[in-house]
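The opening position of the first sequence corresponds to residue -19 in the numbering used here, with each subsequent residue numbered one higher.
Positions of the beta carbon are idealized from the N, C-alpha and C atoms, including for glycine.
Presented below is the structure to which this report refers.
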Amino acid sequence: MTLSLYNSLGRQKQPFVPRVPGQVGIYVCGITAYDFCHIGHARVMVSFDVLVRHLRASGLKVTHVCNFTDIDDKIIRRAIQEGISIEALSSRFIDAFDTDMAALGVTPPDIQPKATEHLPEMRAMIQTLIDKGLAYESGGDVFYAVDRFPAYGLLSGKHLDELESGARVDVDSRKRNPLDFVLWKGAKPDEPQWPSPWGAGRPGWHIECSAMGVKYLGESFDLHGGGRDLIFPHHENEIAQTQGATGKPWVTCWLHNGFVNAVDDAGNREKMSKSLDNFRTIRELLTAWRGETIRLFLLNSHYRAPMDFSLELLDGARAGLGRLYGALRAAEGILGTLPEAYPVDWEHERQEYPQGPGVRFRDAMDDDLNTPQAIAVLFELAKGINRLVSEGDSPSQRQELTRHVALLRGLGGILGLCGEVPEVHFRFNPEGGWSDAEVEALIAQRNEARRNRDFQTADRIREELTQAGIVLEDSRDHTIWRREA
RNA sequence: GGCCGGGUGGCGAAGUGGUCCAACGCAGAGGUCUGCAAAACCUUCAUUCGUGGGUUCAAAUCCCACCCCGGCCUCCA
């Protein structure tokens, strides 16, 4: 089986064939840097991170580009509110983004271009569009003439005439067609501005992705992703701009992930978004849950399906992740150390274990990134590990165990899961409760009491620890523990 | 109004014509193990897949109609 992906352009799954054999270019629309990121942003970044990991694991050389919008109305407004420069504001949130993504285990994109660093490329593309008669100057702004681009509406399935009749678009007398969108905005006093042939101003939002996509990935490339809400008008406009300028088909396959809904106490749900003020920032959640837990939660739904968010659901993900790490920890107890996460040898897996976990995982991922099914394979491996652990430690069992663990870590790595030291997972300390040392001191006391067969004291200490969210597991010769709060 | 995604067990979530297909996880129940626990293992937990019709030897899976949730059509991941 080879990878097939659902292409928003055409609305169907289709086999993915790289334009250049062995190589893939992917552009993902990043964030506008004016606030902290929420789960919805996390979902985009984690989803496409997994796609990139899977492409690489499949042997492809991937160039992953993800931009930052660091100039726009919201940034300007927020910077004025806070009395700081737009650079100061955007760089603060770009740093925050990078920190949050690292916590979620997102591999940094190869290139993270910023809009303000690509003014020449944007101006050049706008000029080309003007020269070709696809854009026009009007009242200090430059607009794209949508009715000059026949394919306009193809991606989003919209028809120009219908759009116009139901238009909620601002009436702007400078536009020839209400749907024309701005490529260059004439300068307003006290706003950041750059010189241009059409007067000082700043770029419109859509042009940056066209210009930077072309610059880093070429006039035609394979994959372009983002949230569903970007299909119209953002991606529609990107296509109009880029193909209008180059005259070539731009992106082969458009990928869009579903929304994260916020659910309120009454059970009502709505799309999580900044304007609705119903979002949870990633960093807020990271105080109580490990990034990997959030990651498992996100990946346990298919990337295109809508999903609900609630804190209770994160607890479920934590328990599930605990099961995976529980198996790894048990294996560590037998093997001494955990085997390295080796890159999975698919050919070997398919030959030796045609129905095995490796093959089933790969097939699930190849089917439009069916991560829930892939995760199910991880859990099957965990069960296998637990069984082997309970069966003893003969050389052949150890060998089998080693293989299982290596596979769990290797496959997990494609999802960005199971790569941590088990103790780090189990000892994650959410709100600065008791320190590890305090916990271990109490455990030592308790074990002393147990040696004296003073079970009353031992149980009292355990009860204390339980109250503090610490769960103990006694084995033959030592006690291990974890935080469960 | 146009277009799009979704409605599967107590919860989350795969599956999109027939093969242990109703996976997997969480929660629950019983058992084994344990000083007691915990973890793990074993067993159990939807004759049923929004509703009503239809097609078929066979449907959660295809067709029609309808209901509900969410979204896009303006900035939005």
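Cα-Cα separation, residue i to residue j
i	j	result
LYS54	ALA13	9 Å
ALA307	ALA424	25 Å
ALA344	SER118	52 Å
LEU291	ALA268	10 Å
CYS46	PHE161	23 Å
ARG57	ASP245	32 Å
GLY206	ARG430	57 Å
ASN(-13)	LEU235	6 Å
PRO100	GLN221	16 Å
ALA59	ARG330	55 Å
GLY(-10)	GLY20	25 Å
MET25	VAL86	7 Å
HIS458	LEU452	10 Å
VAL324	VAL339	10 Å
GLU188	THR446	54 Å
ALA297	GLU272	9 Å
GLY179	ILE11	28 Å
THR49	GLU418	46 Å
THR317	ILE66	50 Å
PRO337	LYS41	25 Å
PRO89	SER71	17 Å
GLU443	ASP347	48 Å
PRO93	ALA191	11 Å
GLU142	PRO319	60 Å
ARG103	ILE450	60 Å
ASN237	MET105	28 Å
ASP439	ARG426	8 Å
LEU276	LEU31	15 Å
GLY2	HIS34	13 Å
PHE239	LEU210	11 Å
LEU140	LEU114	16 Å
ALA82	ARG36	19 Å
ASP420	ARG407	The displayed chain sequence assigns Glu, not Asp, to residue 420. Cα to Cα, the separation comes out at about 12 Å.
Residues near residue i by beta carbon distance below 8 Å, same chain, minus five either side
i	result
ARG182	ILE51, TRP164, LYS165, ALA167, GLU171, PRO172, GLN173 and TRP174
ASN241	ARG249, GLU250, LYS251, MET252, PRO286, MET287, ASP288 and PHE289
PRO410	THR267, ALA268, TRP269, ARG463 and ALA465
LEU69	ALA13, TYR14, ILE55, ARG58, ALA59 and GLU62
ILE315	The residue you asked about is not Ile; residue 315 is Leu in the sequence shown. Correct list, in chain order: ARG378, LEU381, THR382 and VAL385.
PRO(-5)	THR(-18), LEU(-17) and SER(-16)
PRO177	ARG103 and GLN107
Buried/exposed call for residue i, threshold 16 Cβ in 10 Å
i	result
TYR132	buried
LYS(-7)	exposed
ARG456	exposed
PRO229	exposed
ARG255	First, the amino acid is wrong: residue 255 is Ser here, not Arg. With fewer than 16 other Cβ atoms within 10 Å, it is exposed.
GLY184	buried
ASP127	exposed
ILE64	exposed
VAL404	exposed
SER27	buried
ASP257	exposed
VAL0	exposed
Residues sharing a beta bridge with residue i, DSSP
i	result
CYS233	LEU203
ASN(-13)	GLN(-8)
ASN241	LYS251 and ASP288
VAL162	PHE123
ALA115	TYR124
LYS228	DSSP, once it has assigned bridges, lists no residue as partnering LYS228.
GLY181	GLY166 and TRP174
ILE460	GLU453
THR261	HIS18
PHE48	ILE11 and LYS94
LYS41	GLN3
ASP347	SER(-16)
6 Å Cβ shell around residue i - same chain, five flanking residues per side excluded
i	result
VAL231	HIS204
PHE341	ALA354, VAL357 and LEU391
ASN350	ALA344
Sequence-distant residues of the same chain with beta carbon closer than 7 Å to residue i, five excluded per side
i	result
GLY399	ALA321, ARG389, GLY392 and GLY393
LEU22	Inspection of the sequence shows that residue 22 is occupied by Ala rather than by Leu. LEU84, ILE262, ILE274 and LEU278, listed in sequence order.
PRO352	ASN280, SER281 and HIS282
PRO186	As written in the sequence, residue 186 is His, which differs from the Pro given in the question. Excluding sequence neighbours, HIS186 sits near PHE161, HIS214, ASN217, GLU218 and GLN221.
ask   = If we count Cβ pairs, one from each stretch, closer than 8 Å, do we get three or more for the segment 407 to 423 versus the segment 378 to 397?
value = no
query = Quick check: the segment 189 to 202 against the segment -5 to 9, are there 3 or more CB pairs under 8 Å?
reply = yes
task = Answer yes if the segment 297 to 314 comes into contact with the segment 350 to 370, meaning at least three C-beta pairs across the two stretches below 8 Å, and no otherwise.
result = yes
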